[in-house]
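Take 198 as the starting number for the sequence shown in the numbering used here and just add one per residue.
To start, the structure under review is shown below, and the notes come after it.
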Amino acid sequence: MNYLIILNSPHQHHFEEVHRLICDYDASIRVNPSTWLIHTHYDATIIRQHLASIISIHDSLLVFKIDQEHSFTNDLDLNDWMEDIHNESAIGLE
Numbered sequence: 198m199n200y201l202i203i204l205n206s207p208h209q210h211h212f213e214e215v216h217r218l219i220c221d222y223d224a225s226i227r228v229n230p231s232t233w234l235i236h237t238h239y240d241a242t243i244i245r246q247h248l249a250s251i252i253s254i255h256d257s258l259l260v261f262k263i264d265q266e267h268s269f270t271n272d273l274d275l276n277d278w279m280e281d282i283h284n285e286s287a288i289g290l291e
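Written as structure tokens, this is what we have:
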């Protein structure tokens, strides 16, 4: 499953702390300093609980499951990443 994760924080170091945790998932790519795409078998609640363990009450964290339909502009790395994840998932189903 693929998820979009968005962190809003007044604390700059929280972005790097969350990034380090996100790198532990099956696959991930950082879209911008506060946004990531990840591929994992965990559900959104588990992901939120894992990441929320290091953020403060002044932060907000959004975790959205995304399906196969997606669109990006001007960022080939994101399109390539999504295609790679889709292809790996398709291979795993065979």
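The beta carbon of each residue, even a glycine, is placed where N, CA and C say it ideally should be.
Handout entry: Contact check, I251 vs L218, beta carbons under 8 angstroms
Key = In contact: I251 and L218 (Cβ atoms closer than 8 angstroms).
Exercise for the section: Using three-state DSSP, classify H236 as helix, strand or coil. Expected result: It is a strand residue.
Practice task
Would you kindly work out how many angstroms separate the C-alpha atoms of E285 and M279, rounded to a whole number?
Solution key: If you take the alpha carbons of E285 and M279, they lie about 10 angstroms apart.
Practice task
Can you grab the Cα-Cα spacing for the pair H257 / A224, in whole Å?
Solution key: Reading off the sequence shown, one finds Ser at residue 257, where the question assumed His. For S257 and A224, the gap between their C-alpha atoms comes out near 23 angstroms.
Exercise for the section: Within 10 angstroms of the Cβ of I235, are there 16 or more other Cβ atoms? Answer buried if so, exposed if not. Expected result: Residue environment for I235: buried (at least 16 other C-beta atoms within 10 angstroms of its C-beta).
Exercise for the section: Return the residue from the list D277, F212 and V260 that minimises the CA-CA distance to A241. Expected result: The alpha carbon of A241 has as its nearest neighbour, out of D277, F212 and V260, the alpha carbon of V260.
Problem - Between the CA atoms of T237 and N199 - distance to the nearest angstrom - result: Within the model, the alpha-carbon separation for N199 versus T237 is close to 7 angstroms.
Handout entry: H283 to N276 span [Cα, whole Å]
Key = Their Cα atoms are separated by approximately 11 angstroms.
Problem - Assigned secondary structure, H254 (DSSP; H/G/I helix, E/B strand, else coil) - result: Correcting the residue type first, residue 254 is Ile in the shown sequence and not His. When secondary structure is reduced to three states using DSSP, I254 falls in the coil class, being assigned neither helix nor strand.
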